[in-house]
Amino acid sequence: MDSNTNENTTVKNVDKHKLMSMSLLSDKALLVVLSSNQLGKTFIIDKRVVLAGRALDCDIVLDDPMISKVHCKIFFDDDEKFYIEDVGSTNATFLNGKELKKKTHLIYGDRIILGNTILRFFLEEKIDGMG
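Start counting the sequence shown at 70; every next residue gets the next number (this note's numbering).
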């Protein structure tokens, strides 16, 4: 086979369904726990407003006694930019080492600390032209 045939075969064998399934989280974000208390636990932010805290009715429930029952909220606006805001927690919310005093725009890779829990914020990534 010449290299042109090989390239065409590769393209023909790509499962388009698998590629399309990669965009199921379109315009969504993830929080990944990086501290030992729940290391690797991942939360999908798939609603306009997501509450994080110890309370079982929060969208993101974190088992950490230093976290308030409802600690902070993460939300996105009409431009689909994500924000974080402390909601009067006892021990504050920290973003990239600084205490949050007001709603703050989140960007890919931001480090969030709630109590003794460290989280990393990620946006869904897309392959150009695939979604």
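Don't be surprised by glycine CBs; every beta carbon is placed ideally from N, CA and C.
Host beta strand (DSSP E) of residue i (start-end)
i, result
"C141", "141 to 145"
"V156", "Here V156 belongs to no beta strand (DSSP E), and DSSP marks it neither H nor E."
"L103", "Element bounds for L103: n/a, residue is neither H nor E."
"I187", "186 to 192"
"A124", "Where A124 is concerned, there is no enclosing beta strand (DSSP E), given that its DSSP letter is neither H nor E."
Distance, residue j Cα to residue i Cα
i, j, result
"R180", "D147", "24 Å"
"C141", "M135", "13 Å"
"K97", "I113", "7 Å"
"N165", "I153", "12 Å"
"L175", "T162", "13 Å"
"E168", "V156", "13 Å"
"K110", "V130", "11 Å"
"D115", "Q107", "20 Å"
"T173", "R117", "15 Å"
"L93", "I182", "Any reading at L93 must be qualified, since the residue scores a pLDDT of 41, below 50, and its modelled position is unreliable; the value itself is stated next. Each residue's alpha carbon lies about 28 Å from the other."
"K171", "E193", "25 Å"
"K150", "N160", "26 Å"
CB of residue i within 7 Å of CB of residue j, strictly
i, j, result
"S137", "S158", "yes"
"V119", "D128", "yes"
"D126", "G184", "no"
Beta-carbon separation (whole angstroms), residue i vs residue j, contact threshold 8 Å
i, j, result
"A121", "I143", "7 Å"
Validate contact between the segment 178 to 194 and the segment 100 to 118 using beta carbons, cut 8 Å, 3 pairs
Taking 8 Å as the limit for Cβ pairs, the verdict is that the segment 100 to 118 does touch the segment 178 to 194.
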